[in-house]
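With UniProt numbering applied, the sequence shown covers 1 to 122.
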Amino acid sequence: MANNMYALVLFDVDGCTAVVESKKLKMEGKDLVTGQMGHMTFAREKLQVEILQLSDSKRALNKYEDEWSLSCRSVALDKEKARRRNRPNGYLTVRPAEQNVEIEETVTLEVESEAVTVSTVF
1 MANNMYALVL
11 FDVDGCTAVV
21 ESKKLKMEGK
31 DLVTGQMGHM
41 TFAREKLQVE
51 ILQLSDSKRA
61 LNKYEDEWSL
71 SCRSVALDKE
81 KARRRNRPNG
91 YLTVRPAEQN
101 VEIEETVTLE
111 VESEAVTVST
121 VF
């Protein structure tokens, strides 16, 4: 196992995240990597997880978790939880509908009698 002592994981059961000790994760292969799927046991229950980030610092993972909670995937998970009325399982497969699609928005503004075009890519 790599030097990373902690992992930020996403749980399939409820779509929530948590920072856990990496030694509690059961994954295929020797080394843990971001995006890897596997499981961990909690209260005698085997829970499917995906590694979102690895670090030797809980503080760094907590900061990353705050940032991740604003991501398109996190927003998609929140919408899916509401749609399913929080029914358990199946959250690891949830992805944003427009993943890998860029949306360009063009806005034209009048500034001192000159037209200015502003483009924003989301």
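Virtual Cβ for every residue (Gly too), placed ideally from N, Cα, C. Remember, it's a predicted structure, so these values are computed and weren't measured experimentally.
Nearest C-alpha to residue 75 among 91, 45, 87 and 63: 91. Per DSSP, residue 91 lies in no beta strand (DSSP E) and is assigned neither H nor E. Listed in chain order, the non-local C-beta contacts of residue 23 below 6 Å within the same chain number zero, local neighbours out to five positions each way being set aside. In terms of CA proximity to residue 49, 11 leads the group 73, 32, 57 and 11.
The DSSP-derived three-state label of residue 60 is helix. Rounded to whole angstroms, the gap between the alpha carbons of residue 86 and residue 34 is 26 Å. Scanning the segment 27 to 82 for uninterrupted beta strand (DSSP E) segments of 3 residues or longer gives 37 to 42 and 45 to 55, listed from N- to C-terminal end.
Setting aside the 5 residues that flank it on each side, residue 6 is surrounded in the same chain by 19, 20, 21, 22, 54, 55, 56, 57, 58 and 61, each with a C-beta closer than 8 Å to its C-beta; the list follows chain order. In this structure, the alpha-carbon of residue 31 lies about 11 Å from that of residue 25. Rounded to whole angstroms, the gap between the alpha carbons of residue 45 and residue 89 is 13 Å. For residue 20, the beta-bridge partners assigned by DSSP are 7.
Distances from the alpha-carbon of residue 14 to those of 43, 64, 47 and 27 put 47 closest.
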